[in-house]
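Note that the UniProt record's numbering gives residue 250 to position 250 of the sequence shown, counting from 1, and the numbers run on in steps of one. C-beta: ideal position from N, C-alpha, C; glycine also. Beneath this line is the structure, given in C-alpha cells, with notes to follow.
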Amino acid sequence: MDEPLSGIENANAASIIVDDISVSYRTKRYAPADESKSGGAVGALRRRTSGGRQTTNEALRGVSFVGYRGDSIGVIGRNGSGKSTLMQVLAGLTKPSKGGVYAASEPILLGVNAALISSLSGAQNVRLGCLAMGMKESEIDRKYSQIVEMSGLEDEINYPMNSYSSGMSSRLRFAIAAAVDPEILLIDEALNTGDAQFKARSKQRMDEIRQQAGTVFLVSHSLSTIKANCNRCIWLDKGDFIMDGDTETVTKEYRNFVWRMTEGSKEYGQKIRAELMQSRPPLKTVIVDRGWRSAKGPR
Ligand SMILES: Nc1ncnc2c1ncn2[C@@H]1O[C@H](COP(=O)(O)OP(=O)(O)OP(=O)(O)O)[C@@H](O)[C@H]1O
C-alpha cells in the first residue's frame, strides 16, 4: 500500500481508486408460500416468517475504476444493480468482501453523514448537521444563510423537520452536506426530489465542487439528470460493471439495452450487455501512494 501509484494514467489527478471490489450480502431465502397446506394463508405466512435458508446475494462483482479530480460521475443501472451498494462502499459504510477503495480524502455520502433529528426545527438541524460533519460554530455562522438559501426552505426553516415532506427533508440534507466543501461528494438519488429551482441550485453547487478539482458521484434513475450534471457515466447491471465512458455514449447504450429488455428481444439485450462488458478495457491493479486512506472497511 505504501508504494507510488502505478498502473493508471495520470495518477496525480486521481481522487479515488476502486480496485476490483465485490460485495456479498448474507440474507435469508424463504420457501415459496404454499397456501394449500394446513392453516391456509395465515399458516403459509407463519411458515414464511420462520426459518428460511441463508444465501449469499452478490451485489457487486469485480468493480474497478479510477475517479479523477474534476469528474462528475453518473451511476446508472436498473433496480438492484448495485448503485447504492457502490456508494456505501465508497463512503466506507459497507465492507467489500473483496478488493479495496482508496481515496485522497474522505468521501461524503449525502444524507447519511448528516444525522438529523426530526423533532428539531430545520434551523436547529442545520447547526446539528454541520457540527456532526466537524464544522466549527464560526464556520456554521458564516455558512448558515447560504445553506438555508440552497435548501430553498427560507419560509419553513423554523418548523420542525417532521412537518417537512420527504422532498423538503432531502433538500435540507443536500444543502447541509454540500456546505462542507467535500473533495469527494456521493449523491444517491437526492436530486430527484427537488423542484426546478432546487435542481438548478444543486447543479451549481456540484459544478463548484468540480471546479475546485473535486469529484462528484451521482446515482440517479433519471437519465436527463445524469446528462445535465455528469461528464462521465458508469453503468452497473445485476452487480456487473457494464460500461464506463462519456455520459452521452453510456446513456445511449443503456437506453438501448433497457428498450431491448422491455420492448424488444431480451436475448439481443443480453448479447449487447455481454459485448459491452467484454470490450471494457481491463484496469490494471493499482498501488496506492503514501497518505492515501484505504476505505476497505467501515469506520
Ligand atoms: N442489506 C442487504 N441485505 C441483502 N441484500 C441486499 C442488501 N442491500 C442490498 N441488497 C441486494 O443487493 C443488490 C444491489 O442492491 P442496491 O440497493 O445496491 O441496488 P440499486 O442499484 O441501488 O437499486 P435501486 O435502483 O433499486 O435503488 C440487490 O440485489 C439487493 O437486493
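Residue j beta carbon less than 8 angstroms from that of residue i
i, j, result
"Met244", "Arg273", "The displayed chain sequence assigns Asp, not Met, to residue 244. Result no, Cβ atoms of Asp244 and Arg273 do not sit closer than 8 angstroms."
"Gly122", "Ile157", "yes"
"Glu150", "Val180", "Note on residue identity: the sequence assigns Met, not Glu, to residue 150. Taking 8 angstroms as the Cβ cut-off, Met150 and Val180 do not qualify as a contacting pair."
"Leu90", "Val101", "yes"
"Arg260", "Tyr254", "no"
"Ser118", "Leu236", "no"
"residue 321", "Ser105", "No answer is possible for residue 321: it lies beyond the span of the chain, which begins at 1 and ends at 299."
"Leu120", "Pro160", "yes"
"Thr249", "Ile226", "no"
"Gly152", "Gln88", "no"
"Gln54", "Lys28", "yes"
"Ser84", "Asp240", "no"
"Ala115", "Ser15", "no"
"Ile234", "Leu276", "no"
"Arg232", "Gly70", "no"
"Val126", "Ile147", "yes"
"Asp20", "Gly99", "yes"
"Gly52", "Tyr68", "no"
"Leu223", "Thr262", "no"
"Glu228", "Lys203", "Inspection of the sequence shows that residue 228 is occupied by Ala rather than by Glu. Yes, these two residues count as a Cβ contact at 8 angstroms."
Secondary structure of residue i, DSSP reduced to three states
i, result
"Ser118", "coil"
"Met243", "strand"
"Thr94", "coil"
"Lys252", "helix"
"Asn113", "Only weak support is given to the placement of Asn113: the predicted model assigns it a pLDDT of 49, under 50, and the value that follows is read from those uncertain coordinates. Here Asn113 sits in coil by DSSP."
"Leu153", "coil"
"Ser165", "coil"
"Lys266", "helix"
"Lys296", "Residue confidence for Lys296 is low, a pLDDT of 41 falling below 50, so the modelled location carries little weight and cannot support an answer."
"Gly82", "coil"
"Ser72", "strand"
"residue 311", "In this structure the chain extends from 1 to 299, so residue 311 is not present and cannot be described."
"Gly99", "strand"
"Arg280", "coil"
"Asp188", "strand"
Bounding residues of the alpha helix (DSSP H) (the contiguous stretch that carries residue i)
i, result
"Lys227", "223-229"
"Gly62", "Counting along the chain, Gly62 falls outside any alpha helix (DSSP H), though it belongs to the beta strand (DSSP E) covering 53-68."
"Ser203", "Checking the sequence shown, residue 203 turns out to be Lys, not Ser. Lys203 -> alpha helix (DSSP H) spans 196-211."
The beta strand (DSSP E) enclosing residue i, as first and last residue numbers
i, result
"Lys28", "14-29"
"Asp181", "Here Asp181 belongs to no beta strand (DSSP E), and DSSP marks it neither H nor E."
Is the stretch 50-63 touching the stretch 14-31 in the sense that three or more CB pairs, one from each, lie closer than 8 angstroms? yes
Can you tell me which residues fall inside 5 angstroms of ligand 1, judged by beta-carbon distance to its nearest heavy atom, and keep chain order? Tyr25, Thr27, Asn57, Ala59, Asn79, Gly80, Ser81, Gly82, Lys83, Ser84, Thr85
Whether or not the stretch 66-77 and the stretch 209-228 are in contact is what I'm after, with contact meaning three or more pairs of Cβ atoms, one per stretch, closer than 8 angstroms; do they touch? yes
Take every Cβ of the stretch 153-168, pair it with every Cβ of the stretch 136-143, and state whether three or more of those distances are shorter than 8 angstroms. The stretch 153-168 makes no contact with the stretch 136-143; the number of CB pairs closer than 8 angstroms stays below 3.
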